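Residue numbers (the UniProt record's numbering): 1 to 104.
Below is one structure, written out as structure tokens; the observations come after it.
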């Protein structure tokens with residue numbers, strides 16, 4: 001009887017040890033997974049921030065392009081020395097308006 005009881009106790013102890021080991025393993029696994037999730041989230045946040053920065057940069061570039069667009073200055077006529085309202089430029093004469101001038 002005593003031997004059987006001793007064996008039973010030993011088996012119980014072994015089972016308890018196994019359970020404890022399993023619990024420890026599970027805990028470690030859970031912690032690992034938590035850490036992995038945290039790292040993933042950090043990485044995603046960084047990516048998001050980078051994207052935001054890129055978007056901001058793009059917006060800034062667009063704004064700069066808009067600033068570059070300016071109204072064309074009306075050129076002064078080389079004959080009159082005034083600003084002309086007409087835009088009928090005659091290339092060989094380099095005039096912006098039709099003026100009655102004899103060109104020899």
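Yeah, the Cβ is synthetic: ideal placement off N, Cα and C, and Gly gets one too.
From a predicted model like this one, the values you see are computed outputs, not experimental measurements.
>> Using only the alpha-carbon positions, how far apart do residue 38 and residue 49 sit?
In response: 16 angstroms
>> Quick check: the Cα distance between residue 51 and residue 28, rounded to an integer number of angstroms?
In response: 34 angstroms
> Using the C-alpha atoms, what's the distance from residue 41 back to residue 11?
Replying inline: 45 angstroms
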